[in-house]
Amino acid sequence: MMQDNFVGFSEEKRLNKDIDLKEFVILTTFNQTLDIYSKLNDKKFSRSEPIPTLFDDEFFILLKPRLKMFKYGDIDVVKIEKEKSVLNVYYTEIKNEEYLLNKQKNPILILRLKGDVPSNVNLIPLNIKLK
Numbered sequence: 331m332m333q334d335n336f337v338g339f340s341e342e343k344r345l346n347k348d349i350d351l352k353e354f355v356i357l358t359t360f361n362q363t364l365d366i367y368s369k370l371n372d373k374k375f376s377r378s379e380p381i382p383t384l385f386d387d388e389f390f391i392l393l394k395p396r397l398k399m400f401k402y403g404d405i406d407v408v409k410i411e412k413e414k415s416v417l418n419v420y421y422t423e424i425k426n427e428e429y430l431l432n433k434q435k436n437p438i439l440i441l442r443l444k445g446d447v448p449s450n451v452n453l454i455p456l457n458i459k460l461k
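Counting in our numbering, the sequence shown runs from 331 upward without gaps.
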């Protein structure tokens, strides 16, 4: 019997911000989440949004891939597969009219996942031809 290696996920937050972050960040504690959310907080608004809480066997992955197709685009995660202790995140680049209008080119996506925390994450673009 073949083991199901697809990993379920839900979108926690989607935004666009020019901030110095790696292509992915794994968040496993409230303090890590608090730190990231304080960096992502928009200083124009006095009230910040609630910080999400992790439950048993959950973790967040923040994704910030470098776009290659659309300068002012966004990303859509198609699927996530687990291979040993590595998560392969398959995504497509998509047009985003709001980002284009506002000249925003730094999409960030935070996903909530359940299960073992991975040792690494591979971001795999599906609609980009690699040379």
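Yeah, the Cβ is synthetic: ideal placement off N, Cα and C, and Gly gets one too.
Quantities reported herein were computed from a predicted structural model and do not represent experimental measurements.
By the criterion of a C-beta distance shorter than 8 angstroms, phenylalanine 360 is surrounded in its chain by Ile381, Thr383 and Leu384, once the five residues flanking it on both sides are discounted.
Taking the CA atoms as reference points, valine 337 sits about 33 angstroms from lysine 433. Annotation for lysine 435: Lys401 and Tyr402 place their beta carbon closer than 6 angstroms to its own, counting only its chain and skipping 5 residues before and after. Beta bridge pairing from DSSP links isoleucine 438 with Leu345.
Beta-bridge annotation (DSSP): aspartate 404 is paired with Ile424. Taking C-beta separations shorter than 7 angstroms and ignoring five residues to either side along the sequence, the partners of leucine 345 in its chain run Leu370 and Ile438, following chain order. It is roughly 19 angstroms from the alpha-carbon of leucine 441 to the alpha-carbon of asparagine 426. Counting every other CB atom within 10 Å of its CB across the protein chains shown gives glutamate 428 a total below 16, marking it as exposed. Fully contained in the stretch 362-398 are the following beta strand (DSSP E) runs of length 3 or more, in chain order: 388-393.
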